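Novice:
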Amino acid sequence: MTVDCSIAELLACFLARDLNDGEELQVGVALPIPEAAVRLAHLLHGPNMELVFLGARMNVHHLAQIPLPAFGWDNRVVRWTESYSDRGHRFDQVKDWHRRVFFVGGLQVDPFGNTNLIGVGSDPRRLEFRGPGSVGTPTLTTHVGRYYIVLNGHTPRLFVPRCDYVSTVGWGRGGADARRKLGLPGGGPRYVVTPLCVLDFTADEKRLRLKSIHPGVTVEQVAAQTGFELAIPPDVPVTQSPSARELDVLRTRVDPDGVLRAR
Amino acid sequence: MNPERRSRVLDEATAATLLDSGMTIAIGEPAPMALLRLIVRRRLRDLTVIASGLALDLLIAAGCVRKTISYYAGGGHGVPVAPSFRRAAERGEIEIWECEEGILTSGLEAAGKDLPYLPWRGGVGTSLPELNPDLKIIEDPIAGQTLLAVPAIRPDVTLLHAAQSDAYGNVQHYGGPGWLDLFLQRAATTCIVQVERIVANETIRANPWATTIGRADAVVRLPWGAHPWYSRGAYVQDIAFLDDYLALATRAAEHGEHAALARWIDHWCREPAAHVEYLERVGLRRLLTLHEY
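Just so you know, the protein sequences line up as chains H and P, in that order.
The first sequence lines up with residues 1 to 263 when you count with the numbering used here.
The second sequence lines up with residues 1001 to 1293 when you count with the numbering used here.
1. Hey, how far is the Cα of P/ASP1046 from the Cα of P/ILE1025?
2. If you count every other CB in all the chains shown that lies within 10 Å of the CB of P/ARG1005, and 16 or more means buried, which is it?
3. Less than 9 Å between CB atoms is the rule here; does P/HIS1099 satisfy it with respect to chain H?
4. Go ahead and pull the three-state DSSP assignment for H/CYS13.
5. Mind pulling the chain H residues with CB within less than 7 Å of P/TYR1072?
6. Which of the three DSSP states is assigned to P/ALA1055 in this structure?
7. By the 9 Å beta-carbon criterion, what residues does the region 1174–1185 of chain P contribute toward chain H?
8. Kindly say whether P/TRP1120, judged by its beta-carbon, lies nearer than 9 Å to any beta-carbon of chain H.
9. State the beta-bridge partners of H/MET58 as determined by DSSP.
10. Counting only the same chain and skipping the five closest in sequence on each side, list residues whose C-beta sits under 7 Å from that of H/ARG253.
11. Among the candidates P/TRP1264, P/TYR1278 and P/ARG1251, whose CA atom is the shortest distance from the CA of P/SER1084?
12. Rounded to the nearest angstrom, what separates H/ALA176 and H/LEU208 at their Cα positions?
13. Is the distance from the Cβ of P/THR1158 to the Cβ of P/GLY1028 below 9 Å?
14. Measure from the C-beta of P/GLY1214 to each C-beta in chain H and report whether the shortest distance is under 9 Å.
15. Sorry if obvious, but does the Cβ on P/HIS1161 come closer than 8 Å to a heavy atom of the ligand ZN?
16. What does a CB cutoff of less than 7 Å around H/GLU205 pick up in its chain, not counting 5 residues either side in sequence?
17. 9 Å is my cut-off, CB to CB: does H/VAL264 come that close to chain P?
18. Can you confirm whether the region 1095–1113 of chain P touches the region 1071–1084 of chain P when touching is taken to mean that 3 or more C-beta pairs between the two stretches lie within less than 8 Å?
19. Within a Cβ cutoff of 6 Å, which residues of the same chain sit near P/GLN1194, ignoring the five residues on either side of it in sequence?
20. At the 9 Å Cβ level, is H/ALA231 part of the contact set with chain P, yes or no?
21. How would you write the range of the alpha helix (DSSP H) that H/ILE33 sits in, first residue to last?
22. Residues of chain H with CB under 8 Å from P/PRO1080, in chain order?
23. Please name the residue in H/GLU9, H/ARG57 and H/LEU11 whose C-alpha comes closest to that of H/LEU25.
24. Does H/GLU128 get closer than 9 Å to chain P when you measure Cβ to Cβ?
25. Measuring only between beta-carbons, confirm whether H/THR142 sits less than 9 Å from chain P.
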């Protein structure tokens, strides 16, 4: 059965399915797809999940609605708070972040899942595009059990052979031991999701590999829009569409204003 | 006559004399906008600012900033990068001490603990030490791990916004201290907190566990002082006001239309001679729409 939905809704449902009950799900600002995904997973199958937004930790499984914020830094999420992360000491318990899941965006991503929020251009003092900066992503991606790279586009400018600057280390220069050699305890990136497809990493080399393509997208289109050679298996499935129930909960209890539907 | 305990309450004009060009000034969350407007009104220059988002952007647009200790300069509302920050950075007009939140808090903690540096792992393997040579890659002497040594970051002045304080600088945030507020306070030489209200010392003693800062150097009573940002338990952000700024800053940065932004800054930051005049310009009717629920 195919369901009529936007790509952002498709990705929110895809990510929600990949999140497990009992996990801590931290989402930064300006990432509406993960914001929707963690709420959806929490409502559908995660009564013991904990959501972490803007330094506030909460379990709101019991609520009829957990709407997306109207404003990126909407302080009203504190109405749901059970505690503030570490009471002001926000990085004092990173040893336990193996059960935490995180999401990052990027201006660039390379074949090994390293990403860049700093900027684009050869001269760091005169960047062609100055990005917002690293926020807390280097520390979070160093320690969390796994994270997802969520991109709003899929172009050769985004998918580059080498990032101009690296703000989060995925698999370094490649290889399953790349993170261990750098001394990074976290589990690294699991998937990259884009408007065209879902990518994962090969087991040995940790290179980006096409995992599924969204309905209506071709493998050739993805390859043409990627600035390096992807690992492409012989059979690439279509990304699983949301179920009627997933879409109903998403639209009525998470995103009643249709933020994702419009994207 | 018995000596009396000294009040730490300052009026805004006196508080302003504690701020000067060339200082390193840290800005808490929500941004203490009334104190920031004082900086703009006094036309301070060559500041090193530890700030994020639109508070940072306003200070850059107003020409106050030489250097920023920056971990995040997002614009919000569909604008991924704060426009004045982006323009100044791309033109090389400001120096950026590239970092991230874990690195920043480590540097602030080193200052509070009077250490030359603290080690941190987040940032190992990234471009941060290459972009910021103050971050040294070290082999730790205990376990031989590769870590970053983050030098102490010492603000001259930290400016914060909180719900209430007594006259002696016992500050209580409502709904938890802001993002990095306590790190910024512990690291700074001087901490000035603007508050919605000054309460009796007995109110503080009734719930001392709620005291987040035990001895602010100065408190300034500036009700509605976080506008256009929120103040927990009191009012929410004024989205239309923030959007106005963002639109003008974007037009200035991308199309060189600086006059409208300069007029906005004059109108809201320089012409009001005191906070009360700013509030009169905003208007009671508008302020009263900014309730929390």
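Just so you know, even glycine gets a beta-carbon here, dropped at the ideal spot from N, CA and C.
Predicted, not measured: the structure shown is a model, and the values here were computed from it.
Specialist: According to the structure data:
1. About 11 Å.
2. Burial call: exposed.
3. Per the sequence presented here, residue 1099 of chain P reads as Cys, with His not at that position. Closer than 9 Å to some Cβ of chain H, the Cβ of P/CYS1099 qualifies, so yes.
4. In the three-state reduction of the DSSP assignment, H/CYS13 falls in the helix class.
5. Ordered by position in chain H, the residues that pass the 7 Å Cβ test against P/TYR1072 are PRO132, GLY133 and VAL135.
6. Here P/ALA1055 carries a helix assignment [DSSP, helix/strand/coil].
7. Here the close residues are GLY1175, GLY1176, PRO1177, GLY1178, TRP1179, LEU1180, ASP1181, LEU1182 and PHE1183.
8. Under the Cβ distance rule, P/TRP1120 counts among the residues neighbouring chain H, one pair being separated by less than 9 Å.
9. DSSP, once it has assigned bridges, lists H/LEU51 as partnering H/MET58.
10. Scanning its chain for C-beta atoms nearer than 7 Å, with the 5 sequence neighbours on each side dropped, one finds around H/ARG253 the residues LEU43, ALA64, GLN65 and ILE66, in chain order.
11. Residue P/ARG1251 holds the alpha-carbon nearest to the alpha-carbon of P/SER1084 among P/TRP1264, P/TYR1278 and P/ARG1251.
12. Each residue's alpha carbon lies about 13 Å from the other.
13. Pairing P/THR1158 with P/GLY1028 gives a Cβ-Cβ distance under 9 Å.
14. For P/GLY1214, not one C-beta of chain H is nearer than 9 Å to its own C-beta.
15. Summarising the ligand content, the structure contains no ligands, and the ligand ZN is consequently not present.
16. Excluding positions up to five away in sequence, the list reads GLY174 and GLY175.
17. Beyond the ends of chain H as shown, which are 1 and 263, falls residue 264 of chain H; an answer cannot be given.
18. Enough Cβ pairs lie closer than 8 Å, so yes.
19. In its chain, beyond the 5 residues on either side, PRO1032, ALA1034, LEU1035, HIS1161, VAL1220, LEU1222 and GLY1225 have a beta carbon closer than 6 Å to the beta carbon of P/GLN1194.
20. Taking Cβ atoms only, chain P never reaches closer than 9 Å to H/ALA231, which makes this a no.
21. In the DSSP assignment, H/ILE33 falls within the unbroken alpha helix (DSSP H) covering 32–45.
22. Neighbours of P/PRO1080 in chain H, taken as residues at a C-beta separation under 8 Å, are given in chain order as ALA30, GLY131 and PRO132.
23. It is H/ARG57 whose Cα lies nearest to the Cα of H/LEU25.
24. So yes, H/GLU128 belongs to the interface.
25. So yes, H/THR142 belongs to the interface.
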